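One line per chain: the protein sequences are L and A, in this order. In this text, residue positions in the first sequence follow this note's numbering: the first is 138, and each later residue adds one. In this text, residue positions in the second sequence follow this note's numbering: the first is 138, and each later residue adds one.
Number of protein chains: 2
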Amino acid sequence: MTPPRTGRHDREHIVGVALDLLDRFGLPDLTMRRLATELDVQASALYWHFDSKQDLLAAVSDRILARIPEPSAGLDLLAAARAVRDALLTHRDGAEVVMSSAALRPGPSRAQDVLRSALPGDVDDADLAATAVLQFVLGHTTLVQQRMHGESHGAASTAGALDDRATDAAVFEAGISLISLGADRARSRH
Amino acid sequence: MTPPRTGRHDREHIVGVALDLLDRFGLPDLTMRRLATELDVQASALYWHFDSKQDLLAAVSDRILARIPEPSAGLDLLAAARAVRDALLTHRDGAEVVMSSAALRPGPSRAQDVLRSALPGDVDDADLAATAVLQFVLGHTTLVQQRMHGESHGAASTAGALDDRATDAAVFEAGISLISLGADRARSRH
DNA sequence: ACCTGAACACCGTTCAAGT
DNA sequence: ACCTGAACACCGTTCAAGT
Chain L
138 MTPPRTGRHD REHIVGVALD LLDRFGLPDL TMRRLATELD VQASALYWHF
188 DSKQDLLAAV SDRILARIPE PSAGLDLLAA ARAVRDALLT HRDGAEVVMS
238 SAALRPGPSR AQDVLRSALP GDVDDADLAA TAVLQFVLGH TTLVQQRMHG
288 ESHGAASTAG ALDDRATDAA VFEAGISLIS LGADRARSRH
Chain A
138 MTPPRTGRHD REHIVGVALD LLDRFGLPDL TMRRLATELD VQASALYWHF
188 DSKQDLLAAV SDRILARIPE PSAGLDLLAA ARAVRDALLT HRDGAEVVMS
238 SAALRPGPSR AQDVLRSALP GDVDDADLAA TAVLQFVLGH TTLVQQRMHG
288 ESHGAASTAG ALDDRATDAA VFEAGISLIS LGADRARSRH
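Here's what the structure looks like:
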């Protein structure tokens, strides 16, 4: 059943190693040369498997998003938004990776699908709302992860770190709650 | 009144040229070396004026945000959000520049202030809401501008370009409207 | 105070050539 | 089919030295 494995590496495997490198060193240090070294291969070898670094990052983005669970019935917007956020938070700089590839993947992604499923099906503005929620989650999580990066190489006080985490969560809940409330109200006006 | 101009360039001037380069070639091509060439100077000369490229980009970010008008009374949330978005759209890749420096500028920025001023002063969740709105605007505009970049070097159909612009605007209005509705409702519950 | 020149340690990508 | 080796055209940053 598994496809023939003549070469040493296939796309799937390379994406896995890239994800590992991402978690250990962050996006700025995820270079084609480092990835190649990790695979015991020349950098140029990667260009047989991927057209470009963009192409590689798009595959990494897809893998990050694949962690989002299937849209299940009865999921409310807050739960759906949390599922997307948590998938992004699972890997270092996950939001930035997804964002950088989001423009090239125009079709409704897995993320968009879960969010859409948590909104009323009869309102035609629901697609717009789902997109807006996705953009909020991406913006929010990107900024959160960027601050993590800043802290790690020792810029500010470690004292406020727990505070920041709590505030981040509160901002997220506030954002989604307001949109939920707004959607309910828009709906109750028929 | 003007401070002494002994050297050929000061920070203000360099930021202006950087912004011009940004508009003409985009963020990936805004390199220290290109900027130096544009200023008829060696790249190393820039490091007398700025500690690092990050430092330079932070100054560029501040200049982009400086275009946001003062928070005036009676401004509603939609108008305030538009003011922030329009400032970001004024320069190519503006949202990405601001986002990349946002983590290092933790204090309430000019953008946060306008948004905050458009929300009720008596609700203590208003700060959370203002931050959430800012994160939505940044996420939204970053994705919009990334798609512009993708189109420009000729990926997809030019036919749907106008369509995209209209959809982008609709998503933005939908997002802000829903949050406004939600905020009203949260407020009317005392 | 402000800038040059040279160097260091890197990048992404291409392409002929190997197996 | 898959990879090597070498090259091309770049990066950000540091630092002694100049003026």
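Cβ atoms here follow ideal geometry from the backbone N, Cα and C, with glycine treated the same way. Quick caveat: nothing in here was measured; it's all calculated off a predicted structure.
Checklist entry - Under 7 Å from any heavy atom of the ligand ADP, does the C-beta of Leu212(A) make it? => result Absence of the ligand ADP from the depicted structure is noted, as is the absence of any ligand whatsoever, leaving it without description.
Item to check | Cβ-Cβ distance between Leu202(A) and Ser254(A) below 8 Å | outcome: Along the second sequence, one-based indexing puts residue 202(A) at 65. Along the second sequence, one-based indexing puts residue 254(A) at 117. The answer is no: Cβ separation not under 8 Å.
Item to check | Any C-beta of chain L under 8 Å from that of Gln272(A) | outcome: For the purposes of this step, residue 272(A) is identified with residue 135 of the second sequence, where counting begins at 1. Among the CB atoms of chain L, one or more fall inside 8 Å of the CB of Gln272(A).
Item to check | Rounded straight-line distance, which links the Cα of Ala196(L) to that of Phe187(L) | outcome: The residue given as residue 187(L) occupies position 50 in the first sequence. The residue given as residue 196(L) occupies position 59 in the first sequence. One Cα belongs to Phe187(L), the other to Ala196(L), and the distance between them is close to 9 Å.
Next on the checklist: Is Leu315(L) close to chain A? Criterion is C-beta to C-beta, closer than 8 Å.
Outcome noted: In the first sequence, residue 315(L) corresponds to position 178, counting from 1. In terms of beta-carbon proximity, Leu315(L) lines the interface with chain A, with at least one pair separated by less than 8 Å.
Checklist entry - Does the region 306-322 of chain L come close enough to the region 316-323 of chain A that 3 or more CB-CB pairs lie under 8 Å? => result Yes: at least three Cβ pairs fall under 8 Å.
Checklist entry - Does Gln283(L) get closer than 8 Å to chain A when you measure Cβ to Cβ? => result Walking along the first sequence from the start, residue 283(L) turns up at place 146. Taking Cβ atoms only, chain A reaches closer than 8 Å to Gln283(L), which makes this a yes.
Item to check | Secondary structure, alpha helix (DSSP H): runs of 4+ residues fully inside the region 168-211 of chain A | outcome: The region 168-211 of chain A contains these whole alpha helix (DSSP H) runs: 169-175, 183-186 and 190-202.
Checklist entry - Going by Cα to Cα distance, which pick from Asp261(A), Leu280(A) and Leu241(A) is closest to Arg222(A)? => result The count along the second sequence starts at 1 and reaches residue 222(A) at position 85. With distances taken between Cα atoms, Arg222(A) lies closest to Leu280(A).
Checklist entry - Considering only the beta carbon of each residue, do Ile205(L) and Ala232(L) sit closer than 8 Å? => result The count along the first sequence starts at 1 and reaches residue 205(L) at position 68. The count along the first sequence starts at 1 and reaches residue 232(L) at position 95. No. Outside cutoff.
Checklist entry - Under a three-way DSSP split, which group does Val260(L) fall into? => result For the purposes of this step, residue 260(L) is taken as residue 123 along the first sequence, with counting starting at 1. Residue state, collapsed to three classes: coil.
Next on the checklist: Please state whether the Cβ-Cβ distance between Leu214(L) and Ile151(L) is less than 8 Å.
Outcome noted: Walking along the first sequence from the start, residue 214(L) turns up at place 77. Walking along the first sequence from the start, residue 151(L) turns up at place 14. No; because the gap between Cβ atoms is not below 8 Å, this pair is not in contact.
Checklist entry - Using the rule of at least 16 other Cβ atoms within 10 Å of the residue's Cβ for burial, across every protein chain shown, is Thr278(A) buried or exposed? => result If you number the second sequence from 1, residue 278(A) lands on position 141. It counts as buried.
Next on the checklist: Can you pull the chain L neighbours of Arg322(A), defined as C-beta to C-beta under 7 Å?
Outcome noted: Your numbering for residue 322(A) matches position 185 in the second sequence. Under the 7 Å cutoff, chain L gives Leu318 and Arg322.
Next on the checklist: Would you say His146(L) lies against chain A (beta-carbon separation less than 8 Å)?
Outcome noted: Start at 1 with the first residue of the first sequence, and residue 146(L) comes out as number 9. Not a single CB atom of chain A sits nearer than 8 Å to the CB of His146(L).
Checklist entry - Quick one, which of Ser209(L), Val234(L) and Met236(L) has its alpha-carbon nearest Leu252(L)'s? => result Walking along the first sequence from the start, residue 252(L) turns up at place 115. With distances taken between Cα atoms, Leu252(L) lies closest to Ser209(L).
Item to check | Delimiting residues of the alpha helix (DSSP H) encompassing Glu164(A) | outcome: Mapped onto the second sequence, residue 164(A) falls at position 27. Residue 164(A) is actually Leu in this sequence, not Glu. Where Leu164(A) is concerned, there is no enclosing alpha helix (DSSP H), because DSSP gives it neither an H nor an E.
Next on the checklist: Taking the alpha carbon of Asp230(L) as the reference point, which residue from Leu275(L), Arg302(L), Glu149(L) and Ala173(L) has its own alpha carbon closest?
Outcome noted: As a first step, residue 230(L) must be located in the first sequence, where it is residue number 93. Nearest to Asp230(L) by alpha-carbon distance, out of Leu275(L), Arg302(L), Glu149(L) and Ala173(L), is Leu275(L).
Item to check | Backbone CA spacing between Glu175(A) and Val154(A) [nearest angstrom] | outcome: Along the second sequence, one-based indexing puts residue 175(A) at 38. Along the second sequence, one-based indexing puts residue 154(A) at 17. Going by C-alpha positions, Glu175(A) is about 8 Å away from Val154(A).
Checklist entry - Going by other Cβ atoms of all chains shown within 10 Å of its Cβ, with 16 needed for buried, is Leu271(L) buried or exposed? => result Residue mapping note: residue 271(L) aligns to position 134 of the first sequence, counting from 1. Per the 10 Å Cβ criterion, buried.
Checklist entry - At a Cβ cut of 7 Å, what residues of the region 224-246 of chain A count as close to chain L, listed as they run along the chain? => result Closer than 7 Å at the C-beta level to chain L, one finds these residues of the region 224-246 of chain A: Met236, Ala239, Ala240 and Leu241.
Checklist entry - Is there a Cβ from chain A that is less than 8 Å from the Cβ of Asp157(L)? => result In the first sequence, counting from the first residue as 1, residue 157(L) sits at position 20. No - not a single Cβ of chain A is within 8 Å of the one on Asp157(L).
Item to check | Beta-carbon proximity list for Leu156(L), same chain, < 7 Å, skipping 5 on both sides | outcome: Counted from its first residue, the first sequence places residue 156(L) at position 19. Cβ within range, chain order: Val197, Arg200 and His228.
Item to check | Nearest to Ala263(A) (by Cα), restricted to the options Arg324(A), Glu288(A) and Gly297(A) | outcome: For the purposes of this step, residue 263(A) is identified with residue 126 of the second sequence, where counting begins at 1. Measuring from the Cα of Ala263(A), the nearest candidate turns out to be Arg324(A).
Checklist entry - Leu265(A) CB to nearest chain L CB: under 8 Å? => result Position 128 of the second sequence, counting from 1, holds the residue named residue 265(A). Answer yes: the Cβ-Cβ gap between Leu265(A) and chain L drops below 8 Å somewhere.
Item to check | Under the three-state DSSP convention, the category Leu241(A) falls into | outcome: Sequence index remark: in the second sequence, residue 241(A) carries index 104 (1-based). Three-state result, Leu241(A): coil.
Checklist entry - Between the C-alpha atoms of Ala267(L) and Asp177(A), what's the straight-line distance to the nearest angstrom? => result Sequence index remark: in the first sequence, residue 267(L) carries index 130 (1-based). Sequence index remark: in the second sequence, residue 177(A) carries index 40 (1-based). Rounded to whole angstroms, the separation of the alpha carbons of Asp177(A) and Ala267(L) is 48 Å.
Checklist entry - Is the shortest distance between the beta-carbon of His277(A) and the beta-carbons of chain L less than 8 Å? => result As a working mapping, residue 277(A) is identified with position 140 in the second sequence. At a cut-off of 8 Å between C-beta atoms, His277(A) counts as an interface residue with respect to chain L.
Checklist entry - Gln283(L): which of Leu212(A), Met236(A) and Leu164(A) sits nearest, CA to CA? => result The residue labelled residue 283(L) in the question sits at position 146 within the first sequence. Residue Met236(A) is the option with its Cα nearest to Gln283(L).
Item to check | Below-8 Å beta-carbon distance, Val154(L) vs any chain A residue | outcome: As a first step, residue 154(L) is located in the first sequence; it is residue number 17 there, counting from the start. Answer no: the Cβ-Cβ gap between Val154(L) and chain A never drops below 8 Å.
Next on the checklist: Quick test of your reading: Gly287(L) and Ala240(A), contact by CB under 8 Å. State the CB separation rounded to the nearest angstrom.
Outcome noted: For the purposes of this step, residue 287(L) is taken as the residue at position 150 of the first sequence. For the purposes of this step, residue 240(A) is taken as the residue at position 103 of the second sequence. In this structure Gly287(L) touches Ala240(A) by the C-beta definition: roughly 5 Å separates them, less than 8 Å.
Item to check | Distance between Thr168(L) and Arg171(A) (C-alpha atoms, nearest Å) | outcome: Along the second sequence, one-based indexing puts residue 171(A) at 34. Along the first sequence, one-based indexing puts residue 168(L) at 31. Inter-residue distance for Arg171(A) and Thr168(L) is about 22 Å (C-alpha atoms, whole angstroms).
Item to check | Exposed unless 16 or more other CB atoms sit within 10 angstroms - verdict on Ser189(L) | outcome: Within the first sequence, the letter at position 52 stands for residue 189(L). So Ser189(L) ends up on the exposed side.
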